[in-house]
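This is how it looks when you write it as structure tokens:
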């Protein structure tokens with residue numbers, strides 16, 4: 001009823017393959033887009049810069065990781081390192097006088113090159129072995145970044161990111177930085193939406209599902225795994241660069257350490273493999289929820305007048321957060337994106353549920 | 358529509374003394390086989406006689422250790438599977454090899470892979486570089502969906518449809534590649550009589566309307582004698598009979614090895 005399909009007749013293949021064939025989906029995307037554009041006026045300065053903007057950038061990064069994990073089905077435990085490569089390359093590029101846009105793309109390309117070189121070796125193994133070799137990428141890059149002074153400026157050094165200049169214009173306002181992040185996030189999202197309806201996306205899923213069956217219809221698994229690694233590395237590299245220029249304003253090795261890689265994996269898995277909206281949910285869940293739980297626990301404790309020690313108070317949110325992750329995955333192993341899809345599927349025929357076969 | 362006619366003369370496939378062993382197990386020993394254009398060629402034999410191994414040798418999964426495989430006179434021995442596919446060879450698998458989590462339509466669209474040029478840039482610039490191509494290929498796919506009578510399940514997830522339909526979807530995926538040579542590995546396993554008859558008709562139509570040459574692996578002797586032009590019997594990796602089905606199944610050696618004493622071409 002809400003997502004009404006009745007009366008929608010596609011008369012050509014283009015309409016059938018439209019990004020959002022159902023009107024309510026189009027309306028919802030339109031509203032979200034309007035909200036995204038109006039965000040600098042809707043949200044407070046604090047919410048905009050410390051919640052909405054980083055959320056969008058992490059969602060873009062999670063989408064990049066989802067490309068390789070959800071679509072192509074290959075483990076990647078070193079995605080934060082890939083983002084770090086992009087960030088450091090872009091920062092050094094801008095400091096060397098390269099225009100910002102080009103430096104960011106260079107960051108993406110550098111991440112792509114490292115990703116491909118690494119994938120050539122790592123893709124010779126599968127499954128858990130691939131997971132471990134990508135973890136090695138993370139540790140190698142961590143070490144290289146922190147121990148080569150030319151990159152990091154020395155152990156535990158912080159490298160200031162120059163001001164973001166878009167087409168020669170300085171962008172320093174909160175709204176301006178937010179729009180840069182929004183633009184990149186939208187670009188990645190549209191790319192992923194297109195991936196769902198092109199030959200490339202289908203080939204990736206074929207490789208994920210059955211590589212021998214993919215080969216027999218002419219899909220060369222190794223090549224498409226490489227393409228997936230390269231593309232997701234590019235997305236990761238640019239996301240890392242944008243994160244540093246709009247949010248962190250400085251770059252340190254810890255920003256892209258191994259626990260960030262694990263958090264990214266959690267975003268994709270909690271959000272839902274091969275789910276686009278799930279990557280947004282997942283990024284929000286991993287990035288924003290801990291803070292909210294903290295506040296909620298503190299507030300509840302105060303409300304109940306319970307005398308809880310500071311240390312316990314700091315640990316309760318972590319337990320709640322962990323339990324929530326397990327809870328989500330128990331209820332729906334395919335993540336928050338699938339939960340959303342279930343609700344949507346229910347509403348597709350509601351209130352005439354019996355109409356479903 | 359079909360590429361048939363591009364190589365007008367000579368056999369479609371020729372195997373010369375193909376040998377394949379796995380460790381000490383000899384799966385194929387000196388198999389010779391020749392399939393002419395437009396034939397439906399039956400390949401039968403007891404379980405473990407090397408039928409699927411021969412198929413895997415042709416399609417590049419298990420390259421033979423000796424012997425040659427010629428496709429239209431061109432040596433394809435040891436060529437990687439995805440390259441064999443690009444030469445107009447399509448196949449289906451004994452234990453279905455569909456891509457779960459995708460719709461029937463997307464599965465069949467994947468069969469068009471060799472005719473499409475997937476790339477990252479084309480995906481990013483979908484509206485300018487991919488849309489026309491996708492629609493053109495969709496039209497071809499829809500024609501085969503029509504042909505295979507799969508309209509009603511087009512948008513279903515492939516995991517959710519019954520096995521008889523899955524077999525049909527797999528055949529459709531093979532056909533949309535517009536192959537010249539089609540290998541069907543037990544397309545009727547687990548089917549009831551009605552589904553078998555449907556499948557037999559689809560195979561005959563594929564040959565008659567699309568000019569496809571077919572290599573058919575099957576255990577149902579009624580199907581083999583009913584639709585195959587010629588056949589070959591394998592036993593323990595060796596050819597024990599080849600020729601017109603009526604003659605082959607009358608051969609005492611074949612009866613002994615495969616049909617089990619009495620003549621039961623039921």
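Residue numbers (this note's numbering), protein chains in the order written: chain A, 1 to 357; chain B, 358 to 623.
Just so it is clear, CB atoms sit at the ideal spot from N, CA and C, and this is done for glycine as well.
For residue 396(B), no alpha helix (DSSP H) run applies, since DSSP gives it neither H nor E. For residue 185(A), there is no enclosing beta strand (DSSP E); the residue is found in the alpha helix (DSSP H) stretching over 174-195. Between residue 587(B) and residue 598(B) a beta carbon distance of about 11 Å is seen, past the 8 Å cut, so the two are scored as non-contacting. Residue 334(A) carries a coil assignment under DSSP once its states are collapsed to helix, strand and coil. Residues 185, 279, 280, 283 of the same chain have their beta carbon placed closer than 7 Å to that of residue 59(A), with the five preceding and five following residues left out of the count. In the assembly as shown, residue 79(A) is a buried residue. Its beta-carbon has 16 or more other beta-carbons within 10 Å. Under the DSSP definition of a beta bridge, residue 274(A) lacks any partner. Boundaries of the beta strand (DSSP E) around residue 447(B): 446-449. In the three-state reduction of the DSSP assignment, residue 374(B) falls in the strand class. Near chain A, meaning a CB-to-CB distance below 8 Å, the residues of the stretch 442-473 of chain B are 442, 443, 447, 448, 450, 454, 455, 456, 457, 458, 459, 463, 466, 467, 468, 469, 470, 471, 473. Residue 574(B) carries a strand assignment under DSSP once its states are collapsed to helix, strand and coil. Within the stretch 515-570 of chain B, the complete beta strand (DSSP E) segments of 3 residues or longer fall at 538-542, listed in chain order. Contact annotation: residue 449(B) and residue 527(B) have beta-carbon atoms nearer than 9 Å.
The C-beta of residue 500(B) has fewer than 16 other C-beta atoms within 10 Å across all chains shown, which makes the residue exposed.
The C-beta of residue 435(B) comes no closer than 9 Å to any C-beta of chain A. Taking C-alpha positions only, residue 510(B) is separated from residue 456(B) by approximately 15 Å. Three or more Cβ pairs closer than 8 Å define a contact, and the stretch 458-465 of chain B falls short of that threshold against the stretch 167-182 of chain A. DSSP lists 382(B) as the beta-bridge partner residues of residue 379(B). Within 7 Å of the CB of residue 210(A), the CB atoms of chain B belong to 454, 456, in sequence order along the chain.
For residue 220(A), the neighbours in chain B by C-beta distance under 7 Å run, in chain order, 439.
Contact check for residue 181(A) and residue 56(A): beta-carbon distance about 5 Å, within the 8 Å limit, so the pair qualifies. Secondary structure of residue 50(A) (DSSP, three-state): helix. Among the residues of chain A, none has a CB under 9 Å from the CB of residue 510(B); the nearest is roughly 11 Å distant. Taking each of 196(A), 236(A), 224(A), 268(A) in turn and checking the Cα distance to residue 487(B), the smallest one comes out for 196(A). For residue 12(A), the closest Cβ of chain B is nearer than 9 Å.
Using beta-carbon distances, residue 274(A) counts as an interface residue toward chain B, with a partner under 9 Å. The shortest CA-to-CA distance from residue 422(B) to any of 409(B), 408(B), 377(B), 441(B) is the one to 377(B).
Rounded to whole angstroms, the Cβ separation of residue 110(A) and residue 86(A) is 7 Å, and the two are in contact under 8 Å.
Distances from the CA of residue 170(A) to each of 70(A), 99(A), 38(A) were compared; the closest alpha carbon is that of 99(A). Residue 608(B) and residue 444(B) have their alpha carbons spaced roughly 36 Å apart. In terms of CA proximity to residue 595(B), 384(B) leads the group 479(B), 556(B), 384(B). Rounded to whole angstroms, the gap between the alpha carbons of residue 473(B) and residue 148(A) is 45 Å. Between residue 3(A) and residue 22(A), the C-beta gap is smaller than 9 Å, which places the two residues in contact. The residues 133, in chain order, have a CB closer than 8 Å to that of residue 121(A) in the same chain once the five nearest residues on each side in sequence are set aside. Beyond the five residues adjoining it in sequence on each side, residue 17(A) comes within less than 7 Å, by CB distance, of 197 in the same chain, given in chain order.
Taking C-beta atoms under 8 Å as the contact rule, residue 533(B) and residue 497(B) qualify, at a distance of about 6 Å.
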